[in-house]
Each structure stands twice: as C-alpha cells, then as structure tokens.
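Engineer: Residues 99 to 383 in the numbering used here are what the sequence shown lists, from first letter to last. Each residue gets a CB set at the ideal place from its N, CA and C atoms; glycine is no exception. I'd like to ask you about the structure that follows.
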Amino acid sequence: MEYITLGRTGQKVSRLGFGGATAGLKNYLEVYDPENAEQRAGVIAAIHKALALGITYFDTAPGYGLGTSEAMFGEGLEGISDEIFLATKVPRQTNNVRESVEGSLKRLKRDSLDLVQIHGSSYTPELTEKILGAGGMVDELESLRDEGLLKYIGFTSEDTNDAVHHFIRSNRFDVMQICYNFIYQHPYEPSRPFGSILEADKAQMGVVTMRSMTSGTLQTWIDMVNPSNTFDYSPALLQFVLSNQLVDVALVGMRDVDIVEQNVAIVEDVRGRISLDELHKRYVD
99 MEYITLGRTG
109 QKVSRLGFGG
119 ATAGLKNYLE
129 VYDPENAEQR
139 AGVIAAIHKA
149 LALGITYFDT
159 APGYGLGTSE
169 AMFGEGLEGI
179 SDEIFLATKV
189 PRQTNNVRES
199 VEGSLKRLKR
209 DSLDLVQIHG
219 SSYTPELTEK
229 ILGAGGMVDE
239 LESLRDEGLL
249 KYIGFTSEDT
259 NDAVHHFIRS
269 NRFDVMQICY
279 NFIYQHPYEP
289 SRPFGSILEA
299 DKAQMGVVTM
309 RSMTSGTLQT
319 WIDMVNPSNT
329 FDYSPALLQF
339 VLSNQLVDVA
349 LVGMRDVDIV
359 EQNVAIVEDV
369 RGRISLDELH
379 KRYVD
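In structure tokens, the structure reads:
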C-alpha cells in the first residue's frame, strides 16, 4: 500500500480510502440492500480485507442511509483506533452540530473522531455565512475539537463554487474533500495552473477526492454508445487520480472483498501512473 502525509494534520494515511456511501445507500450504483444480512456481511468482510491490505483511511457520513453506513463502519472497525484514520461528516443544514457528532460517535463506537467534515454539495452565500460566521458551524466544531471529540475539521463539495475558495482561505479547515476524476478535472487544471486542489495544497490542507472513479458515469456512457464494450476502465480511472501528486487520498466505495483486492492492486501498480502535464499538453515541440 502507498502512504502519504495528509496535509497539515501530519497524519500518515493510505492513498486509497474506503468510501462509505455505497455501504449505506440502498441500490446505489447497483442493486443492493444494506438491510440484507448477507450483503451487510459482505461489506463488513470488505472492511476487514481493507484493513488486512493496508487501507487506513475510512470515510463515512450519517447521511449515508440515515446512519447505516456509520453503524457498519462501527462494527467493522470496532476495537481498531490507532492504526486507522476515521472521517465522518455533519449535514450542512443541521442546526445542532453537537447532536450530529455525538450520534456519529455512538454509531461508530468511538470516543473521538479523527476528522469531521461539513457535508456539502454546493453552498449558497447564506449557507457559507452559517458555516463561517460567528456562532456558526465551524465555531461549534472547534469547540468540540477543544473538548477532544474530534481532531480535525474539513468540508466536502461536489464542485468548486465560490464558497470552496472562502473555506480554503479562512484557514479554519484541515482537509478538503472534492469531486475530482477523469471527466471532472476542473479542481485541478495544470496547464493554467488553476483549481481548488492547487489552492488547498498551498494552504497545506489535506486533499481527498470523492467520485474518484466517476461513480460509474464514464462506464455507463461508454456502454450506452458502445453496448459491445467489454473493456474495464477502472484501473485507468483510479490511476488518473493517483497520478495527481497533490491528491492525498482517493476515495472509492467498496462493497465486497474482490473489489477491495482489485483496487489495492491498482494502487500498488505504480507503473500505471501518468504525467498529467503531458496529458494536457496541447502543443507539439
């Protein structure tokens, strides 16, 4: 497994992260029921296999199945603390940050969390003020951090909207989780250079990617335009994200042992890395 330091947290983490959305959401990306005992056991086995193969970064949220994903992580990671980095989230619309964090702690069977992120997709100016303003969500998270209920504070975003730049420049967040993959490269454009990933790196923040393998979008599109296609693009998609040296952790949802083994093998095959500068080169010498 490949490891890296997660920004200014100073924590050593695996570059492949175990994403929790697929564990908690019914029929997300494929037919799946988290209440099915056999399928649930498959997720727990996948978590155990991830641990055995060196994955140390685990990311979940109370919004993934109304706490279902967190409960699975709590079961699969029970008794393991120092060896892993566990991240969860608080809903961006919540009016009770403490209640959300305490609920997560209970489901995850923890006394403290490594990282709590504000769970966002996009942010309006009003929501940005609610987060950063006096008495806002960050103030509450900082108080909980001072109490020892969490160590680091982060935010997540589906796109690079104005709020993302405000969050980075506020210097109040340790980690940014952003959507970044082969078909959505706006957070990092090396030819300009431009993007929230560059900005977060300059601020010494940890950078984590969601939808690292496009959440199935690319494969679905290819199957639509070429139904006879049998090529597996998964290795190339994950290698693209890992080729960005400013990305610390690439999150991937993994429901079964085989997928864990496949993704770990991709990470360990560094021969698959590419030069993003060369990829974006538009003029020949």
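Could you tell me whether any Cβ in chain B is nearer than 8 Å to the Cβ of leucine 242?
Structural biologist: In the displayed structure, chain B is absent; only one protein chain is listed.
Engineer: On the three-state DSSP scale, how would you describe lysine 207?
Structural biologist: By one-based count along the sequence shown, residue 207 stands at place 109. Residue state, collapsed to three classes: coil.
Engineer: In terms of alpha-carbon separation, which member of Pro288, Asp209, Ser313, Ala159 lies closest to glycine 177?
Structural biologist: One-based indexing of the sequence shown puts residue 177 at position 79. When only C-alpha atoms are compared, the closest one is Asp209.
Engineer: Output the residue ranges of the beta strand (DSSP E) runs that lie fully inside the stretch 223-276 and measure 3 residues or longer, sorted by chain position.
Structural biologist: Listed in chain order, they are 248-255.
Engineer: Alpha carbon to alpha carbon, what distance is there between asparagine 327 and isoleucine 320?
Structural biologist: Here the question's residue 320 lines up with position 222 in the sequence shown. Here the question's residue 327 lines up with position 229 in the sequence shown. Each residue's alpha carbon lies about 7 Å from the other.
Engineer: Measuring only the C-alpha atoms, how far is isoleucine 153 from isoleucine 102?
Structural biologist: Working through the sequence shown from its first residue, we reach residue 153 at position 55. Working through the sequence shown from its first residue, we reach residue 102 at position 4. Near 12 Å, if we compare the C-alpha coordinates of isoleucine 102 and isoleucine 153.
Engineer: Excluding five sequence neighbours on each side, which residues of the same chain lie with their C-beta closer than 8 Å to the C-beta of lysine 405?
Structural biologist: No statement about residue 405 is possible, as the shown extent of the chain runs from 99 to 383 and does not include it.
Engineer: Mind checking alanine 139: buried by the 16 CB within 10 Å criterion, or exposed?
Structural biologist: Taking the first residue of the sequence shown as 1, we reach residue 139 at position 41. Exposed.
Engineer: Measure the alpha-carbon distance for threonine 166 versus isoleucine 372 and round it to whole angstroms.
Structural biologist: Taking the first residue of the sequence shown as 1, we reach residue 166 at position 68. Taking the first residue of the sequence shown as 1, we reach residue 372 at position 274. Cα-Cα distance, rounded: 37 Å.
Engineer: Would you check if the distance between the CB atom of leucine 239 and the CB atom of valine 214 is smaller than 8 Å?
Structural biologist: If you number the sequence shown from 1, residue 239 lands on position 141. If you number the sequence shown from 1, residue 214 lands on position 116. Yes. Within cutoff.
Engineer: With respect to the alpha helix (DSSP H) encompassing leucine 340, which residues constitute its N-terminal and C-terminal limits?
Structural biologist: Here residue 340 corresponds to residue number 242 of the sequence shown, with the count starting at 1. Here the alpha helix (DSSP H) through leucine 340 covers 332-340.
Engineer: Sorted by chain position, which residues of the same chain lie with C-beta nearer than 7 Å to serine 313's C-beta, five sequence neighbours on each side aside?
Structural biologist: Against the sequence shown, residue 313 aligns to sequence position 215. So the qualifying residues of the chain are Leu127.
Engineer: Using the DSSP secondary-structure output, state which residues sit across from leucine 344 in a beta bridge.
Structural biologist: Position 246 of the sequence shown, counting from 1, holds the residue named residue 344. None; leucine 344 has no bridge partner.
Engineer: Report back the beta-carbon spacing between methionine 352 and valine 305 to the nearest angstrom; my notes put them in contact at under 8 Å.
Structural biologist: One-based indexing of the sequence shown puts residue 352 at position 254. One-based indexing of the sequence shown puts residue 305 at position 207. No, methionine 352 and valine 305 are not in contact; Cβ-Cβ is about 20 Å, not under 8 Å.
Engineer: Since I believe threonine 186 is in contact with alanine 159 (beta carbons under 8 Å), could you give me their beta-carbon distance rounded to a whole number of angstroms?
Structural biologist: Taking the sequence shown and counting its residues from 1, one reaches residue 159 at position 61. Taking the sequence shown and counting its residues from 1, one reaches residue 186 at position 88. Right, their Cβ atoms sit about 6 Å apart.
Engineer: So, does the stretch 294-301 touch the stretch 199-208, judging by three or more C-beta pairs under 8 Å?
Structural biologist: No: the two stretches stay apart, fewer than three of their Cβ pairs being nearer than 8 Å.
Engineer: Taking the alpha carbon of histidine 284 as the point to measure from, which residue in His378, Glu173, Glu100 has its own alpha carbon closest?
Structural biologist: Position 186 of the sequence shown holds residue 284. Comparing Cα-Cα distances from histidine 284 to each of His378, Glu173, Glu100, the minimum goes to His378.
Engineer: Can you give me the start and stop residues for the alpha helix (DSSP H) that phenylalanine 171 sits inside?
Structural biologist: Reading the sequence shown from its first residue, position 73 is the one you call residue 171. From DSSP, the alpha helix (DSSP H) with phenylalanine 171 extends over 166-174.
Engineer: With H, G and I counted as helix, E and B as strand and the rest as coil, what does DSSP make of serine 112?
Structural biologist: For the purposes of this step, residue 112 is identified with residue 14 of the sequence shown, where counting begins at 1. Residue state, collapsed to three classes: strand.
Engineer: So, is threonine 222 buried or exposed, given that buried needs 16 or more other C-beta atoms within 10 angstroms?
Structural biologist: Along the sequence shown, one-based indexing puts residue 222 at 124. Looking at its Cβ environment, which holds fewer than 16 other Cβ atoms inside 10 Å, threonine 222 is exposed.
Engineer: Could you tell me if glutamine 109 is buried or exposed, where buried requires 16 or more neighbouring beta carbons within 10 angstroms of its beta carbon?
Structural biologist: For this step, residue 109 is matched to residue 11 along the sequence shown. When all chains shown are included, glutamine 109 counts as buried.
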